[in-house]
Every structure is written in structure tokens, then in C-alpha cells.
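A short write-up of the structure that comes next.
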């Protein structure tokens, strides 16, 4: 009995929980990479996203330096991160797998931070549930083994939320640290700028007037440090866009010069227009972008393309005003697509959803079986309500993050990966909810079950990594799309060693973006 109590106390120690879920997340990443056919390519068949662009930009930075004159199409943070590792690892033959390992570290750290956050909110049960849900998450593991912005952004966002959600007021020094992290997150995802303002207000004690009068300096420092991180890139954008506008002025149609004040990226207005003008349906499409020189790629010398960049917000929201009924349907479709990210399950086999499903343009794979998303949403909602009651600041932070993501989805495209950006805080909410409903007398038994389940998941992952041999896919081309296959809808399933080879056509990767960059 005494030994049992020592063991129970050991597995409830915060450090043990955090390290354990980190180990589980590491094993999840390793088995996912080693079990699939995408070991030798710089992206995952489950998620291409903007990997090709980031690698192209990273190689340009590695060759020309960090002050290259490329227009600010995308936030630069991910390309900078990749360029650094491309340079450091250039002499090493196995650098692709090493770089995937570097990205998986961000996934592991996100899992550990989320678990620690849950422990601080509601004890060890919450930590085990939250950590297990993140560490064994198929969706987070896919992001964590692919070169993309989401996994880097998730780490910075989760760390900032955890740091700001303490019960004590945010000190000026702490506000500076979290402000720097938010500035880095802004350089990785442009929409984070709106969230920075909300975080700064919360640092200052909002919505309490009394706290705001005392702690407004913390909010000011947070905002100043976040803007200071972004300022060099903003000044660089002014210089680059000024040069582009000079070329535009010399063109035959010098209308709509680009706006000079671009803190991070100018693709926000463009994406707003493409996501809301007909024939937009909610998922990614470039069909509203007029062809320029026989291509649907962005051409800054084309006046119609510049119009979308300069006036895109007015054009997209104007489409809502002109046809409110269509706007409601469109926004609902975007939310539905984003919430499909919650249908992704656990382990490298994506249990219980399975491995047969669809991967929409620029998005992550989602299974055909989606009932698990309803379970996650119901449990997460209950958890959020409990957190609002238990810890007001954390509840407000989580609520603002959710509302911000819903607004972003409404304005732009609906992606399942947007749902995954809310996964760590949803796991924290579910973990605290489970801990709240479990009575003290059964918590030790519940922890024992959770620890056993985590160990069993490691064994299952190890066995699955040995049996999965290759992916087979069928392509479903988007009508009118002339883009490479990352712009197409992909439907695929997984063949194991027990299946008959050749039952479906094998995946074609020769024309995948960036596939030759790391060979």
C-alpha cells in the first residue's frame, strides 16, 4: 500500500507529467514520420499548405541574405526559421529528417506547455488529460512534422496564453517577455496583430477599471515590445513597396499604387476578396483572381491584381452587403470547414476517424468519419464555461482567442487547420473539465487509467509504424484549376502490408512544390 501511494504521488508530480507527455509527443512524431512515404520530401502528404513557398523563400534568403527584396506576400517568420536551419545543416546529408525533427520539437514543447497550463489550473488529472490529448493528436503531429507556419505559431500562442493567464497581475518585466513572443507570432501569422491589441488590454487589467489604472504600464510595455519586434520588417516593407510603386508608376496603367504601411504582409486584403467574391464557397480558391498572362498567380504589375491588394477588404465585405443571404451561407461553410479540424483523432492511425478522407486545397487531411468533432466541441464548451467561472483572466483570454479565430475564418478561407490552432486551449478546457467532475476519491484511479492509456498508445504507435507501408491516393481536380496538386482536393486512404498492392493508384509526388530543395 505504501509503495502504491509513492507511485501515485510520483505520477501526480507536475514535472513527471510534463516530461511524460513530452516523451509521448516525441514518439508520436517519430513514428508518424518513419511510417509514411513522405520521409524523403519536405512536406507531408497529409498537409502541403505553403511548404513550397516557404522553402523557396528560405532558399532565397539563404542565398541572398535576410534583407532580400521579395514583396511581402507571406509573413516572413517561417521562411527565416527555415533559412537558418538550411544554412546550419547545409553540409549534412540527412538534413531533411533533422529539420522535420526540429519542427517536431515545437510540437513537443507546445504539448508540454499546455499540460503545465492545465496542471496550474486544475491539478494533475487536468495535466494528464490535456497532455495526452495534445501529445497523441494526429493533427498536431502532422503539423509538427511538416514545414509550416502553424506549428511555430501554436508554440508562441500557447506560451503567451499560459504566461498571461496567471491569477496575479502581469508585471512590467513579464509583459515585455510576452510582448516579444507575440511580436514573433505576428511575424509568423499576420492575423495575430489584432490579438496583440487584446492581449495588451488584458495585461493592463482590462476589463477591471481599477486594475487598468494601476497596471496600464504592463499593457503599454507588451504593445511596445510586440511592435518593436515587427518594426524592422515593417520598415523593410516600406522600402520594397516604394520600389514596386515606382515600377507601377512607369507602367501603362499606373492605378492603385500599393499601400506603404504594411506591418507584416499585404495578402490580407487579397485573401479577403478571393474568399468572399463569387464563386467562393468557403475553402481555398483563386478563381476570383483574374488571369494575368495566362496564369492565376499574383502579378503586381497587373492593375486588377493591385486593386484586389489595395481594396480587397472593401470588395470582400461589399460582397456580404450586396447579398447577405449568400454571406451567411458562406460564413457558415467556412466555420464548418474549420471545425472539421476537430474530427482529427489520436495516434498515427487517427483513431477513431481512420485514414480514409479528404485533403482540401492548402489544407490538412480530415477523415470521412466526423462524429468525434461533436464530442470534442461539447466537452470543450463545458470546459470553457468552467474556466470562466474558475479563473476569469484565463477564461477571457481563451474566449478572445476563439472569437478572434472565428472572425479570421469569417473574413478569409475556412481551413481545418484553423480548428487545430484552437486545439491546445480546447485540450486545456477539456482537461480541467474532466478534473472538475472527478471526485477526489477516484482521481488516483483516473490517473492510473490515463497513464496506462498513454503507455498503450506508445505500443500501438510502434506496431502501426511497422505495418503502414505506403499511402495510396486518388486525385479529384478542382474545376478550372491549373495549379499543381497542392491546389487540388485529394482523397486518399492508407494501405498496410496486409492489403493488396496496386488496388489504388500510388501517390504522384514528382511535381510537388519544393520537392527538390532538400535533396
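In my numbering, the protein residues as written are 3 to 521.
Beta carbons: idealized from backbone N, C-alpha and C, even for Gly.
Fair warning: this is a prediction, and the values are worked out from it, not measured in the lab.
Exercise. Considering only C-alpha positions, which residue in the set 264, 251 and 270 is nearest to residue 304?
Worked result: Counted from its first residue, the chain shown places residue 304 at position 302. Closest in alpha carbon position to residue 304, among 264, 251 and 270, is 251.
Cβ pair count under 8 Å reaching 3, the segment 99-114 against the segment 24-31 = For the pair of segments examined, the segment 99-114 was found to touch the segment 24-31: the number of CB pairs separated by less than 8 Å reaches three.
Residue 400 (DSSP reduced to helix, strand or coil): Your numbering for residue 400 matches position 398 in the chain shown. DSSP places residue 400 in helix when its eight states are reduced to three.
Check: For residue 359, which of helix, strand or coil comes out of DSSP?
Finding: For the purposes of this step, residue 359 is identified with residue 357 of the chain shown, where counting begins at 1. In this structure, DSSP gives residue 359 an extended state, which the three-state scheme calls strand.
Just to confirm before moving on: does the CB-CB distance between residue 184 and residue 228 stay below 7 Å? For the purposes of this step, residue 184 is taken as the residue at position 182 of the chain shown. For the purposes of this step, residue 228 is taken as the residue at position 226 of the chain shown. The Cβ atoms of residue 184 and residue 228 sit closer than 7 Å to each other.
Item checked: Three-state secondary structure assigned by DSSP to residue 148 -> As a first step, residue 148 must be located in the chain shown, where it is residue number 146. If DSSP states are grouped into helix, strand and coil, residue 148 belongs with coil.
From the DSSP output, which residues share a beta bridge with residue 348?
As a position in the chain shown, residue 348 is number 346, starting the count at 1. Secondary-structure assignment with DSSP links residue 348 through a beta bridge to 139 and 353.
Spatial neighbours of residue 244 within its chain, please: C-beta separation below 7 Å, excluding the five flanking residues on both sides.
For the purposes of this step, residue 244 is taken as residue 242 along the chain shown, with counting starting at 1. Correct list, in chain order: 262.
field: 8 Å contact criterion, which residue 346 and residue 133 should meet: CB distance rounded
entry: If you number the chain shown from 1, residue 346 lands on position 344. If you number the chain shown from 1, residue 133 lands on position 131. Actually they do not touch by this definition, with Cβ atoms about 17 Å apart.
Own chain, CB closer than 6 Å to residue 384, minus 5 neighbours either side, in chain order: Reading the chain shown from its first residue, position 382 is the one you call residue 384. Correct list, in chain order: 435.
Query - Contact the segment 327-336 vs the segment 275-283: 3+ CB pairs below 8 Å - result: Taking one beta carbon from each stretch, the segment 327-336 and the segment 275-283 have 3 or more pairs nearer than 8 Å; the two touch.
What residue range does the alpha helix (DSSP H) around residue 580 cover? A query on residue 580 cannot be resolved here, the shown segment of the chain reaching from 3 to 521 and no further.
On the DSSP bridge assignment, give the partners of residue 368 in chain order. By 1-based counting over the chain shown, the position of residue 368 is 366. The bridge partners DSSP lists for residue 368 are 360.
Q.
Measuring alpha carbon to alpha carbon, tell me which residue in 358, 99, 114 and 59 is nearest residue 26.
A. Position 24 of the chain shown, counted from the first residue, corresponds to residue 26. That would be 114, whose Cα lies nearest to the Cα of residue 26.
Open item on the list: If you reduce the DSSP assignment to three classes, tell me which class residue 53 lands in.
Closed with: To locate residue 53, count along the chain shown from 1; it is residue 51. For residue 53, the three-state secondary structure derived from DSSP is helix.
Ordered along the chain, which non-local residues of its own chain (more than five positions away) have a Cβ less than 6 Å from that of residue 71? Locating residue 71 in the chain shown gives position 69, counting from the first residue. The beta carbon of residue 71 sits closer than 6 Å to those of 242, all from its chain and outside the five residues before and after it, given in chain order.
Let's see if you can read the secondary structure: which residues bound the alpha helix (DSSP H) around residue 269? Your numbering for residue 269 matches position 267 in the chain shown. 269-278 is the extent of the alpha helix (DSSP H) around residue 269.
Closest by C-alpha distance to residue 171, when choosing among 365, 221 and 46
The residue labelled residue 171 in the question sits at position 169 within the chain shown. The shortest Cα separation from residue 171 among 365, 221 and 46 belongs to 221.
* Just checking my contact of residue 83 with residue 145 at CB under 8 Å: how many whole Å lie between their CB atoms? -> The residue given as residue 83 occupies position 81 in the chain shown. The residue given as residue 145 occupies position 143 in the chain shown. Between residue 145 and residue 83 the Cβ distance is about 14 Å, and since that is not below 8 Å, they are no contact.
- Query: Can you tell me whether DSSP reads residue 17 as helix, strand or coil?
  - Reply: Residue numbering aside, residue 17 sits at position 15 when the chain shown is read from its first letter. Assignment of residue 17 by DSSP, reduced to helix, strand and coil, places it in the helix class.
Let me confirm a value: residue 522 is counted as buried when at least 16 other C-beta atoms fall within 10 Å, else exposed. Which label applies?
Outside the displayed span of the chain (3 to 521) sits residue 522, for which this structure offers no information.
query: Would you call the CB atoms of residue 148 and residue 45 closer than 7 Å?
result: Stepping through the chain shown from its first residue, residue 148 is reached at position 146. Stepping through the chain shown from its first residue, residue 45 is reached at position 43. In this structure, residue 148 sits near residue 45, with a CB-CB distance shorter than 7 Å.
**Prompt:** When the distance is taken between beta carbons, is residue 431 closer than 7 Å to residue 386?
**Reply:** Residue numbering aside, residue 386 sits at position 384 when the chain shown is read from its first letter. Residue numbering aside, residue 431 sits at position 429 when the chain shown is read from its first letter. A contact, by the Cβ cut-off of 7 Å.
Checklist entry - Does DSSP classify residue 46 as helix, strand or coil? => result The residue given as residue 46 occupies position 44 in the chain shown. Strand at residue 46.
* Using 10 angstroms around the beta-carbon of residue 89, count the other beta-carbons present and answer buried if the total reaches 16, otherwise exposed. => Along the chain shown, one-based indexing puts residue 89 at 87. Result: exposed.
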